[in-house]
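Visitor: Heads up: the sequence shown is residues 8 to 142, going by my numbering.
All residues carry an ideal CB built from backbone N, CA and C; glycine is no exception.
Pasting in a structure now, in structure tokens, and then I'll have a few things to ask.
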Amino acid sequence: MRILFLCVANSARSQMAEGLARQAFQGKAEVQSAGSKPGNVNPYAIQALKEIGIDISSHTSKSVDDIAPEGLDLVITLCAEEVCPIMPVKTKKMHWPLPDPASVTEEGEPKLQKFREIRDEIQARLVKFKAELGL
């Protein structure tokens, strides 16, 4: 199974989803992430996952234009308040609308806490999704 997580910057939500899904599926799925306007992986995303033993510090933001749509089984979009990128492929799509934790303006603990909340929500959705797949 090939899964692609999409958001705008591929810096926070989709990067965390990629890291969490790789751990959750443990090689039973090929997992990638991308964005329509890629930036840099957010250090708060790296820290939030590091707290639970997942290292995404070597991840880089990727453009949706660089992802080969052939063979994708599922595209999961994670945008809430902004316009999500689309993949023009005839594949199953799911939408998990999650607010962008990077939009929190206060730095430090308040921003990190928002990243933790989004991390935990993605993780909960992945547990449920994995159970639905029977994996």
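With DSSP collapsed to three states, give me the class of L13.
Guide: It is a strand residue.
Visitor: State the Cα-Cα distance for the pair I74 and G115, rounded to the nearest angstrom.
Guide: Distance between the alpha carbons of I74 and G115: 33 Å.
Visitor: In terms of residues, what are the limits of the beta strand (DSSP E) holding I83?
Guide: Segment L81 to T84, the beta strand (DSSP E) holding I83.
Visitor: Sort out for me which residues DSSP pairs G78 with in a bridge.
Guide: Bridge partners of G78: none, in fact.
Visitor: Answer yes or no: do L133 and A31 have a C-beta to C-beta separation smaller than 8 Å?
Guide: Contact: yes.
Visitor: Which residues does DSSP list as the beta-bridge partners of V1?
Guide: Residue 1 cannot be examined here, being either before or after the span of the chain that is shown, 8 to 142.
Visitor: Flag this pair as yes or no: are the beta carbons of K69 and S43 separated by less than 8 Å?
Guide: No. Outside cutoff.
Visitor: Assuming K137 is part of the alpha helix (DSSP H), what are its boundary residues?
Guide: Taken as a continuous stretch (DSSP letters only), the alpha helix (DSSP H) holding K137 covers E116 to L140.
Visitor: What are the start and end residues of the beta strand (DSSP E) that includes K147?
Guide: What the structure shows of the chain is the stretch from 8 to 142, and residue 147 is not part of that stretch, so it cannot be assessed.
Visitor: Going along the chain, which residues of its own chain have a beta-carbon closer than 6 Å to the beta-carbon of C81, five neighbours each way excluded?
Guide: Here residue 81 turns out to be Leu, not Cys, going by the sequence shown. Within the same chain, L81 has close Cβ partners I10 and K99.
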